[in-house]
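Heads up: the sequence shown runs through residues 68 to 302, numbered per this note's numbering.
Working notes, structure below.
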Amino acid sequence: MIGLIATPTVLAAYAPGNQKPAPKNRRSNAGTTRGCSGGELALTALASRNYIGRSTSQQPTFAWYVPRDSANRAMKFIVYEQVPSAKPKAIRELSLQSSPGVMRLSPDNLKLQLGKTYLWQVIIQCDPDNPSGDLVSEGNLEIVAVPPAVQSKLNQATNQAEKVNIYAEAGFWYDALGEALKQAEASKLGTSGASLLNDLAQAELSNLPPDLTPQERDAIAAQVAVLKQIAVSDR
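Spelled out as structure tokens, the structure:
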């Protein structure tokens, strides 16, 4: 009798495709400001700094990395709707407690609208008496419809690893990462998540917007370095 050996699913590379540049209203200090005690890594949204990521879910999974020296502190999670020719409009704010490693959130009472673009932020309060010292990181996302070809592949998927690959190849960052984190231990990325983060870091450097200032380029390079470190340390 010949035994059957399960072949592991090959990890597909994340392909961001033609994404829209992120708005210039960023407040994030990720990559440039370390943890509350000046540690090696920074509070980091697990999302593109350069471009608007995409999700096919109206209740996407948001994820970010909390350095160990910034754990057990008051934290805010805020979602803004991007409004043309106006400041982003806050539509949801949650108070949380930071915990070390990868934090993830998919709020039950938050349903984003198809076709709209959003900004999300995580803020850690290092010192209640010094708000200017808060750690801030953020990402952007657009809610889009599932293309028929992608939906067809998803319908045929037999496990979460295959779904990760389908979303990654189609450029749906938030969906790919959300599926990957379902396979990971709490506060960790898991193998698929770490692979996606490395792909994101590579994409950030190879798809730089043309109108960046030297300071913005330095900030992106710093964040890419942090993303790569997180992929190794929190796998």
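By construction, the Cβ of each residue, glycine as well, lies at the ideal position given by its N, Cα and C atoms.
The structure presented is a predicted model; accordingly, all values stated were derived computationally and were not measured.
Whole-Å CB distance - residue i paired with residue j, under 8 Å assumed
i: residue 243; j: residue 251; result: Actually they do not touch by this definition, with Cβ atoms about 13 Å apart.
i: residue 233; j: residue 217; result: 6 Å
i: residue 294; j: residue 111; result: 7 Å
i: residue 146; j: residue 185; result: 6 Å
i: residue 189; j: residue 173; result: That pair is no contact at about 14 Å.
i: residue 108; j: residue 130; result: Their Cβ separation, rounded to whole angstroms, is 15 Å, which puts residue 108 and residue 130 out of contact at 8 Å.
CB contact check: residue i to chain D, cutoff 8 Å
i: residue 299; result: Structure shown: chain D not included; a single protein chain is present.
Heavy atom of the ligand GTP within 7 Å of residue i beta-carbon
i: residue 280; result: No copy of the ligand GTP occurs in the structure displayed, which carries no ligand at all.
Through-space distance from residue j to residue i, alpha-carbon basis
i: residue 126; j: residue 200; result: 31 Å
i: residue 215; j: residue 238; result: 14 Å
i: residue 248; j: residue 274; result: 25 Å
i: residue 193; j: residue 202; result: 7 Å
i: residue 140; j: residue 219; result: 44 Å
i: residue 180; j: residue 148; result: 10 Å
i: residue 246; j: residue 85; result: 22 Å
i: residue 163; j: residue 175; result: 15 Å
i: residue 161; j: residue 143; result: 6 Å
DSSP bridge partner residues for residue i (one or two, in chain order)
i: residue 208; result: 120 and 185
i: residue 202; result: 191
i: residue 88; result: 118
Checklist line | Three-pair Cβ contact test at 8 Å for the stretch 204 to 214 versus the stretch 116 to 124 | finding: A contact between stretches requires three or more CB pairs, one per stretch, nearer than 8 Å, and the stretch 204 to 214 meets this requirement with the stretch 116 to 124.
Check: Fully enclosed by the stretch 108 to 173, which alpha helix (DSSP H) runs are 4 residues long or longer?
Finding: Counting whole runs of 4 or more residues, the stretch 108 to 173 contains no alpha helix (DSSP H) stretch at all.
Notebook entry, point to check: Does the stretch 164 to 173 come within contact of the stretch 253 to 263, defined as at least 3 CB pairs closer than 8 Å?
Noted result: Result yes; three or more Cβ-Cβ pairs closer than 8 Å.
Checklist line | Cβ contact (3+ pairs, closer than 8 Å) linking the stretch 131 to 138 and the stretch 221 to 232 | finding: At 8 Å Cβ cutoff, the stretches do not touch.
Notebook entry, point to check: Counting Cβ pairs, one atom from each stretch, are 3 or more of them under 8 Å apart for the stretch 263 to 271 and the stretch 150 to 161?
Noted result: With a cut-off of 8 Å, the stretch 150 to 161 and the stretch 263 to 271 do not count as touching, because too few Cβ pairs lie within range.
Note to self: Just to confirm the assignment: which complete alpha helix (DSSP H) runs, minimum length 4, are found wholly within the stretch 205 to 280?
What the structure shows: If you keep only unbroken alpha helix (DSSP H) runs of at least 4 residues inside the stretch 205 to 280, you get 215 to 223, 227 to 237, 240 to 249 and 257 to 273.
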